[in-house]
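Protein chains: 4
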Amino acid sequence: MGAVKAKRMPRAVREQQMLDAAVETFGQRGYMAASMDEIAELAGVSKPLVYLYLNSKEELFTACIRREAAALVTAVRSGVRTGLPADRQLWDGLLAFFVHTAAYPHAWSVVHLQARTHGETFAAEAAAMREEIVAFVTSLIVVAAREAHRDPDLPEREVAGLAEALVGAAESLATWANTTDGVTARQAATTLMNFAWAGLSNLMDGRNWTPPAA
Amino acid sequence: MGAVKAKRMPRAVREQQMLDAAVETFGQRGYMAASMDEIAELAGVSKPLVYLYLNSKEELFTACIRREAAALVTAVRSGVRTGLPADRQLWDGLLAFFVHTAAYPHAWSVVHLQARTHGETFAAEAAAMREEIVAFVTSLIVVAAREAHRDPDLPEREVAGLAEALVGAAESLATWANTTDGVTARQAATTLMNFAWAGLSNLMDGRNWTPPAA
Amino acid sequence: MGAVKAKRMPRAVREQQMLDAAVETFGQRGYMAASMDEIAELAGVSKPLVYLYLNSKEELFTACIRREAAALVTAVRSGVRTGLPADRQLWDGLLAFFVHTAAYPHAWSVVHLQARTHGETFAAEAAAMREEIVAFVTSLIVVAAREAHRDPDLPEREVAGLAEALVGAAESLATWANTTDGVTARQAATTLMNFAWAGLSNLMDGRNWTPPAA
Amino acid sequence: MGAVKAKRMPRAVREQQMLDAAVETFGQRGYMAASMDEIAELAGVSKPLVYLYLNSKEELFTACIRREAAALVTAVRSGVRTGLPADRQLWDGLLAFFVHTAAYPHAWSVVHLQARTHGETFAAEAAAMREEIVAFVTSLIVVAAREAHRDPDLPEREVAGLAEALVGAAESLATWANTTDGVTARQAATTLMNFAWAGLSNLMDGRNWTPPAA
DNA sequence: AATGAATGAGTGTTCATTCAT
DNA sequence: GATGAATGAACACTCATTCAT
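Here it is as structure tokens:
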């Protein structure tokens with residue numbers, strides 16, 4: 006499973022191999038339980054080379070988070086074509102998201118779980134990416150409201166909460182799909198789309214649920 | 006800072022103190038970064054005593070997960086009264102959930118984050134509790150459909166996905182509320198209820214979103 | 006040669022054993038070349054215990070410097086009785102100094118050589134002790150001048166230079182005596198006393214050597 | 006900061022650049038703390054080239070000691086003109102010594118401190134040079150005694166001790182002058198000359214200090 | 001019921017050194 | 001003549017765990 010052992014490769018290539026190995030190991034074992042020895046071995050190089058190129062375990066982990074977060078954002082962005090209706094854009098984005106997280110489960114574990122459980126520094130790194138996605142979803146909600154010929158009279162904080170809930174649900178479903186046999190990316194996307202779009206439409210019609218008095 | 010030092014207490018009490026300290030430490034530092042030294046000190050006892058009562062770090066962590074998972078399930082169950090309409094039951098459950106996770110953030114971190122990032126054994130422990138909650142939510146959805154005089158013609162897998170999405174959204178919002186200033190449990194519950202209930206109603210009316218052909 | 010292996014000793018005792026071993030090892034190998042493993046083994050304990058008691062290699066080394074510097078100053082002070090003539094006091098001090106450095110060559114190496122070659126922090130630690138000795142010698146020179154019924158019209162900077170030269174010569178002779186067979190502490194002290202006392206007397210008589218014009 | 010980068014230079018020149026860099030680095034950081042990486046970078050060449058020319062860290066260090074020791078001896082020898090009175094010769098030698106050590110503090114650190122704190126091999130290398138200087142001083146003392154029309158009835162061992170003390174004092178003053186602001190080579194030489202010459206004269210007049218009975 | 005004393009095993013990190021070009 | 005790529009071996013330090021009392 007480790008990279009084919011080939012000596013004397015250019016630095017850039019080796020670095021990617023190391024990141025590959027690191028993402029797999031961090032994703033599987035967790036940040037702390039992953040040992041640099043294991044990562045080096047999986048990458049097919051000696052430990053000093055890992056340090057020569059990536060300096061420390063912390064920097065290596067950060068590099069993993071950055072690379073995978075960027076890859077995920079790129080995947081989602083690439084899946085969406087502007088100009089289509091908002092619901093279609095949301096669908097396309099969700100589908101791309103679930104396809105990507107299913108294709109790279111270790112990467113998803115690194116970005117979503119590991120990055121958030123080992124200190125503020127790493128968490129912040131992952132949070133930056135998440136912000137991008139939340140912002141994207143938020144904008145879609147606003148556009149959808151406009152398309153429905155409705156003033157965006159949903160208060161801003163309300164929209165933020167909805168986007169948060171939607172993204173949170175997507176994240177949970179991604180993990181769920183990755184750990185539950187027979188759930189495809191398409192199914193996950195459909196479920197969430199049904200759950201979310203219908204809810205959003207209703208809200209835009211002013212039919213919202215009123216909590217009982219405290 | 007730790008518990009007031011009092012010698013010679015009955016075992017059951019000491020054990021709870023240790024678990025308190027462990028939950029706080031695990032929640033704050035993470036499973037691996039938490040040291041038995043720190044936990045013992047925070048509990049106000051010597052390390053060998055911790056081992057005498059709880060045998061190992063793994064067992065100690067498991068005990069934490071069990072205790073806190075049970076506490077959370079109990080809290081949700083206690084918040085709900087049967088006999089009320091389904092939406093009210095869901096609301097009550099969500100509110101109890103957000104109140105509890107806000108009151109015990111370290112416990113929530115242990116059960117939701119730490120338990121899932123350090124090996125299958127721990128993850129399974131937490132998953133068991135989660136199942137209970139998902140089952141509860143599933144049943145509410147079914148009841149709601151029945152109340153709406155509609156046959157639960159939503160396929161079972163669909164319902165499972167919806168419950169999963171709902172619970173996932175709740176979990177994300179809990180963490181979000183715990184780390185975002187000025188978001189109360191009531192607000193989180195309202196946001197989610199709006200998002201979810203409206204969506205569920207729509208679905209039960211057969212107005213679901215159809216994905217484009219692959 | 007290592008301490009007789011005896012288990013379960015009180016902390017204070019173990020600590021001294023560790024310092025003994027550390028002084029020997031640092032003195033022989035040098036600060037950097039000495040490994041904590043070696044020190045622990047020589048002390049007859051495991052490495053973690055060394056860390057438990059002395060925290061780090063740096064702190065261990067600092068503790069060595071402090072202990073041995075204090076021991077040397079104490080030895081010199083104890084060798085001198087106030088009330089005797091200045092030359093006798095100087096002789097007694099020098100003799101005590103050479104006896105001590107000959108009895109504890111590793112300690113002398115640590116304080117005089119190692120402490121000065123591995124960073125400002127350590128150097129400062131040793132310099133503090135040296136200051137005490139220089140101050141002591143300086144005072145003796147002043148007293149000697151007074152005893153000789155001469156105003157201490159030697160300028161202060163001049164006296165400082167002389168004390169520095171005297172102490173420097175003593176330090177060099179100590180190392181020389183330690184590495185040259187057949188040179189006793191008494192001989193070293195006699196040589197230096199002859200060299201120094203005669204010179205000082207001459208200076209106090211105003212017979213100083215005038216350098217040629219630049 | 007390092008030598009201007011120029012490719013393809015003759016070996017002899019490159020070697021001197023490497024030694025320059027090595028002396029500076031060893032002098033500043035110490036033998037063990039200095040890394041071959043740092044030295045190579047400061048020399049403006051790649052590490053393998055350093056190994057090609059100087060074989061190993063040990064040999065590199067040895068080469069540094071040899072070069073700098075020789076340079077120091079040469080400097081002292083060049084400062085002295087035979088035919089002048091002994092005291093003038095001593096003065097000239099001391100002055101040359103202090104001027105050289107002040108001009109090349111890193112070299113002085115290498116030869117005097119580093120060489121003596123990292124194993125017998127290096128110490129022996131530096132000791133060889135020292136012997137030359139001690140021998141030179143010894144001969145001056147003998148000549149001085151002869152000039153004073155006195156038989157050198159000072160026993161040989163006594164003379165050796167005096168030379169040792171004188172050289173030791175000089176070494177200490179050199180380091181002292183290098184680390185104390187405002188002390189010039191000339192001042193150091195004057196202080197030592199006063200201290201030493203007066204003492205030596207006295208001794209040659211038979212006025213020596215008699216130690217108390219043991 | 002409780003603890004001071006002690007350790008085996010492992011981790012991240014560094015460095016002198018070499019090979020292939 | 002010169003170097004980018006790569007490593008074996010070691011070292012400081014930590015931690016879960018146990019023993020003797």
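Protein chains in written order, with the numbering used here: chain A, 6 to 219; chain B, 6 to 219; chain C, 6 to 219; chain D, 6 to 219.
The beta carbon of each residue, even a glycine, is placed where N, CA and C say it ideally should be.
{"Asked": "Sufficient close CB pairs (3 or more, under 8 Å) joining the stretch 162-176 of chain C to the stretch 165-178 of chain D", "Found": "yes"}
{"Asked": "Interface positions of the stretch 117-148 of chain B facing chain A (Cβ-Cβ less than 7 Å), listed along the chain", "Found": "L118, Q119, R121, T122 and H123"}
{"Asked": "Below-9 Å beta-carbon distance, V78/A vs any chain B residue", "Found": "no"}
{"Asked": "Nearest candidate by alpha-carbon position, reference A190/B, set R135/B, A107/B and A153/B", "Found": "A107/B"}
{"Asked": "Collapsed DSSP secondary structure at R212/C in the structure displayed", "Found": "coil"}
{"Asked": "Integer Cβ distance of F103/A from A182/A, believed to fall under 8 Å", "Found": "6 Å"}
{"Asked": "Test item: CB-CB of A194/D and W113/D under 9 Å", "Found": "no"}
{"Asked": "Per-residue DSSP class, three states only, for M41/C", "Found": "helix"}
{"Asked": "L57/B in three-state terms, based on DSSP", "Found": "helix"}
{"Asked": "Distance, G49/B Cα to R13/B Cα", "Found": "12 Å"}
{"Asked": "Inter-stretch contact (C-beta, 8 Å, three-pair minimum) for the stretch 108-127 of chain B and the stretch 116-128 of chain A", "Found": "yes"}
{"Asked": "Inter-residue Cα distance where the pair is R19/B and A132/B", "Found": "28 Å"}
{"Asked": "9 Å Cβ cutoff, D186/C in contact with chain D", "Found": "no"}
{"Asked": "Exposure label - D92/B; buried when at least 16 CB within 10 Å", "Found": "buried"}
{"Asked": "Own chain partners of L24/B with C-beta closer than 7 Å, once the 5 adjacent residues on each side are dropped", "Found": "A68, C69 and R72"}
{"Asked": "Counted within 10 angstroms of its Cβ, other Cβ atoms place N60/D as buried (16 or more) or exposed", "Found": "exposed"}
{"Asked": "Backbone CA spacing between S138/D and Q94/D [nearest angstrom]", "Found": "For the record, residue 138/D in the displayed sequence is Ile; it is not Ser. The alpha-carbon atoms of I138/D and Q94/D are separated by roughly 13 Å."}
{"Asked": "Separation of L99/B from A80/B, as counted between CA atoms", "Found": "10 Å"}
{"Asked": "Separation of L65/B from Q192/A, as counted between CA atoms", "Found": "39 Å"}
{"Asked": "Spatial distance of L89/C from P160/C (CA atoms)", "Found": "25 Å"}
{"Asked": "Cβ-Cβ distance between H111/D and G32/D below 9 Å", "Found": "yes"}
{"Asked": "Beta-carbon spacing of T196/C, A168/C below 9 Å", "Found": "no"}
{"Asked": "Residue-chain proximity (G84/B, chain A), Cβ-Cβ < 9 Å", "Found": "no"}
{"Asked": "Candidates L118/B, Y109/B, Y36/B and S51/B, of which the one nearest L77/B by Cα", "Found": "Y109/B"}
{"Asked": "Under the three-state DSSP convention, the category S51/C falls into", "Found": "coil"}
{"Asked": "Uninterrupted alpha helix (DSSP H) stretches inside the stretch 87-118 of chain C (no shorter than 4 residues)", "Found": "91-108 and 110-113"}
{"Asked": "Under 7 Å by beta carbon: chain C residues contacting T1/D", "Found": "Residue 1/D cannot be examined here, being either before or after the span of chain D that is shown, 6 to 219."}
{"Asked": "T67/B - DSSP class collapsed to helix/strand/coil", "Found": "helix"}
{"Asked": "Chain D residues whose Cβ lies nearer than 7 Å to that of F200/C", "Found": "L167, A170 and G204"}
{"Asked": "CB contact below 9 Å: E161/D versus chain C", "Found": "no"}
{"Asked": "Chain A within 9 Å of R13/B, Cβ atoms only", "Found": "no"}
{"Asked": "Cβ of R71/D within 9 Å of any chain C Cβ", "Found": "no"}
{"Asked": "Spatial distance of I146/D from Y56/C (CA atoms)", "Found": "53 Å"}
{"Asked": "Cβ neighbour criterion (16 or more within 10 Å) applied to R151/D", "Found": "exposed"}
{"Asked": "Whole-angstrom distance between A128/C and T180/A, CA atom to CA atom", "Found": "57 Å"}
{"Asked": "Beta-carbon proximity of M41/B to K52/B, cut-off 9 Å", "Found": "yes"}
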